[in-house]
Amino acid sequence: MLSIKEFFEKAKASYSVPDIVQDPKMIFILESPHKEELKAGVPLAGLSGRSMAKELFLQEDILPMGKHLKQLAKDKRQIFYGIVNVCPFPLQESAYPDRGFVQRFKGELQIAEAIRKSSASQFRDEDKKLFNKLLIQDFRDRLIKTIEDDSIIVPCGKFAERYVNQLAMKDKLNIIKGVPHPSYNSWSRERYKDVIQTVRDQERIRTS
C-alpha cells in the first residue's frame, strides 16, 4: 500500500519552491520545479526560464524568468507577471537531492512521474486518483489566493493546460490558450509567434 498523502505532505514541506505572486496581472502556470529551481528557491530558474525571459522581454542578456522577477521584487519594482507551479515540488525523481527520501517514497514517486507523463485528467488507479485529487486541491488553493477578477492566466504546456481545465472555476478565468512550455526554446519557434506576441502585448495594453 502506497503512502500517497504522506508523500505529498512531506514533499511539499521539504521540497516546495514558492510561487512568485506579488499582485500579478498575468500569471504563468507551469508544471513543477526541477533541480535548478530547488537550488535557487524560485520557479523557472534554469534554461527554460532564461529562454522564456529572452522571448518575453526581447533581451538577450537577461536572468531566467524566476530570478528576474525575484530581482524586481527585491528592488521594490511593480511586477506585472507571476508564476504558479501546478505542483509546488518536483514530479521527477531525478530532481530530489536526498537519496533516502527517494528510496523511502520510490513507489509514490513513480505515481507522480506517471501522472506527469499522462495525458489523462481522470484515473482508475486509486493511488493516481488520490495524487491527482491532492494536486488539484493544492493548485486551486494557491491560485485562488493570487487571482483577481481581471487576472490573465497563461498555462504553459499541455500539463499546465490540463490542470487549469480541471478547475471548477475555469470558465470564469481569462485564459490565453496554446502557449507552449518554454523548454527547448519553443517560445522562439515560428509556429508560436502569434500567441507569444499576444502574451507580450498584454503588459503594454494593461499599463498604457
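Numbering follows the working numbering, in which position 71 of the sequence shown is assigned residue number 75; successive positions increment by one, without gaps. Heads up, the beta-carbon is just placed ideally off N, CA and C, and yes, glycines get one too.
With contacts defined by Cβ atoms closer than 8 Å, K71 and V88 do not form a contacting pair.
The shortest CA-to-CA distance from F11 to any of M30, A99, Y85 and V106 is the one to V106. In this structure, DSSP gives M173 a state outside helix and strand, which the three-state scheme calls coil. In the DSSP assignment, V183 falls outside any beta strand (DSSP E), carrying neither H nor E. A Cβ-Cβ contact shorter than 8 Å links L138 with K9. Where I151 is concerned, there is no enclosing alpha helix (DSSP H), because DSSP gives it neither an H nor an E. Taking 8 Å as the cut-off, the Cβ atoms of R120 and E35 count as close.
Shown here, Y85 sits in a strand according to DSSP, grouped into three states. The shortest C-alpha to C-alpha distance from R208 to any of R128, F61, L95 and F32 is the one to F61. The beta carbons of I33 and A164 sit closer together than 8 Å.
Assignment of M56 by DSSP, reduced to helix, strand and coil, places it in the helix class. Going by DSSP, V106 is part of the alpha helix (DSSP H) stretching over R103 to R108. With fewer than 16 neighbouring CB atoms inside 10 Å of its own CB, S212 falls in the exposed class.
Collapsing the DSSP output to three states places I157 in a strand. Counting the other Cβ atoms within 10 Å of the Cβ of M69 gives 16 or more, which makes it buried. S52 has its alpha-carbon roughly 21 Å from the corresponding atom of S122. Just so you know, the alpha carbons of E130 and Q114 end up roughly 14 Å apart.
With a cut-off of 8 Å on Cβ pairs, the segment 17 to 31 is in contact with the segment 149 to 158, counting three or more such pairs.
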